[in-house]
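Peer 1: Residue numbers (the working numbering): 632 to 851.
Heads up, the beta-carbon is just placed ideally off N, CA and C, and yes, glycines get one too.
Please see the structure below; I have some questions.
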DNA sequence: TATGAGATTGGCT
DNA sequence: GCCAATCTCATAG
């Protein structure tokens with residue numbers, strides 16, 4: 632028997648009151664994005680990821696990111712340009728979507744100047760709009776679990792490798808947004824699920840937000 | 001050319 | 001807690 636807070640809520644009540652009304656939503660332009668990967672990873676916490684699809688608008692508040700900097704052995708771009716990672720070398724604000732473990736797609740935002748391979752992995756969202764569509768795609772009614780984790784996030788947001796290389800700042804259906812003024816308390820930790828460069832504290836998240844992934848000590 | 005590991009998740013023990 | 005699913009790349013032969 633699901634608990635009340637796990638059940639689907641009406642669209643207008645699904646944001647835990649942390650996000651401003653949709654009317655305040657606006658697109659981020661590239662000039663607002665920090666070029667530096669770590670600064671971008673921090674900057675994106677509290678911003679919105681929006682995907683306008685046939686079923687309507689899907690959006691979520693970004694609550695967890697990881698930085699994959701240049702000269703980082705954990706980064707897909709560490710050994711140079713390949714067909715898979717080429718989007719990491721684009722100008723900041725492009726999507727890098729890759730498949731992991733043969734099963735799940737993960738979404739990154741490219742960073743650094745063109746030609747430098749780096750990016751910010753989006754690890755978790757707090758769903759804002761299109762919750763019922765996300766529930767159908769994810770096969771669960773648990774709003775907390777819809778986009779908690781990078782593979783879940785991509786599935787909920789209807790993002791797959793077709794979006795690889797898309798410019799998130801070009802006025803297209805997949806974009807980055809900002810809502811009203813909401814104070815964000817950012818925590819940092821080591822990154823999740825990697826072995827190389829495991830000691831670097833390049834994961835950022837909104838403190839105490841229940842939509843953040845990872846064990847409790849990495850969410851506090 | 002073959003094989004193993006990886007920025008994960010869901011289902012089962 | 002363990003394990004399979006199954007794609008891309010690095011490394012070995």
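Quick one: what does DSSP say residue 842 is sitting in, helix, strand or coil?
Peer 2: It is coil, neither helix nor strand.
Peer 1: Given a cut-off of 7 Å on the beta-carbon distance, is the pair residue 821 and residue 832 in contact?
Peer 2: Cβ distance < 7 Å, so residue 821 and residue 832 count as in contact.
Peer 1: Buried or exposed: which applies to residue 696, given that a residue is buried once 16 or more other Cβ atoms fall within 10 Å of its Cβ?
Peer 2: The residue in question, residue 696, is buried, as its Cβ has 16 or more Cβ neighbours within 10 Å.
Peer 1: Whole-angstrom Cβ separation of residue 749 and residue 668, contact assumed at under 8 Å?
Peer 2: Contact holds; Cβ gap of about 5 Å.
Peer 1: Since residue 837 sits in a beta bridge, which residues does DSSP pair it with?
Peer 2: The partner list for residue 837 (beta bridge, DSSP) reads 817.
Peer 1: Taking the C-alpha atoms as reference points, what is the distance between residue 810 and residue 713?
Peer 2: C-alpha separation (whole angstroms): 36 Å.
Peer 1: Quick check: residue 798 and residue 682, are their CB atoms within less than 7 Å of each other?
Peer 2: No.
Peer 1: Is the separation between the beta-carbon of residue 829 and that of residue 751 shorter than 7 Å?
Peer 2: In this structure, residue 751 does not lie closer than 7 Å to residue 829 by Cβ.
Peer 1: Rounded to whole angstroms, what's the CA-CA distance from residue 777 to residue 686? Just pull it up for me.
Peer 2: Roughly 17 Å separates the two Cα atoms.
Peer 1: Can you tell me the Cβ-Cβ gap for residue 727 and residue 718, rounded? I've got them flagged as a contact below 8 Å.
Peer 2: Yes, residue 727 and residue 718 are in contact; Cβ-Cβ is about 4 Å, under 8 Å.
Peer 1: Is the beta carbon of residue 832 within less than 6 Å of some heavy atom of the ligand HEM?
Peer 2: With respect to small molecules bound, the structure shown includes none, and the ligand HEM cannot be examined in it.
Peer 1: How many angstroms separate the CA atom of residue 671 from the CA atom of residue 694?
Peer 2: Cα to Cα, residue 671 sits roughly 13 Å from residue 694.
Peer 1: Kindly indicate which residue of 722, 684, 729 and 688 has the alpha-carbon position closest to the one of residue 706.
Peer 2: Ranking 722, 684, 729 and 688 by Cα distance to residue 706 puts 729 first.
Peer 1: Give the range of the beta strand (DSSP E) segment to which residue 680 is assigned.
Peer 2: It spans 679 to 684 - the beta strand (DSSP E) in which residue 680 sits, taken as one unbroken run.
Peer 1: Are the CB atoms of residue 734 and residue 843 nearer to each other than 7 Å?
Peer 2: Contact flag unset, no.
Peer 1: What would DSSP say about residue 850, mapped onto helix, strand or coil?
Peer 2: Correct three-state label for residue 850: coil.
Peer 1: Between residue 762 and residue 689, what straight-line distance do the alpha-carbon atoms span, to the nearest angstrom?
Peer 2: Whole-angstrom Cα-Cα distance: 7 Å.
Peer 1: Taking only runs that begin and end inside the region 701 to 785, name each unbroken beta strand (DSSP E) of 3 or more residues, in chain order.
Peer 2: You should have 726 to 731, 735 to 741 and 750 to 760.
Peer 1: Could you have a look at residue 698 and say whether DSSP puts it in helix, strand or coil?
Peer 2: Residue state, collapsed to three classes: strand.
Peer 1: Can you tell me whether residue 644 is helix, strand or coil according to DSSP?
Peer 2: Legend: pLDDT at residue 644 = 36, less than 50; position of this residue unreliable, no value from coordinates given.
Peer 1: Pull up the DSSP beta-bridge partners for residue 670, would you.
Peer 2: Answer is none; residue 670 lacks a bridge partner.
Peer 1: Considering only the beta carbon of each residue, do residue 835 and residue 817 sit closer than 7 Å?
Peer 2: Yes, the pair counts as a contact, with Cβ atoms nearer than the cut-off.
Peer 1: Could you check if residue 775 is buried or exposed, using at least 16 other CB atoms within 10 Å of its CB as the buried criterion?
Peer 2: With fewer than 16 Cβ atoms within 10 Å of its Cβ, residue 775 is classed as exposed.
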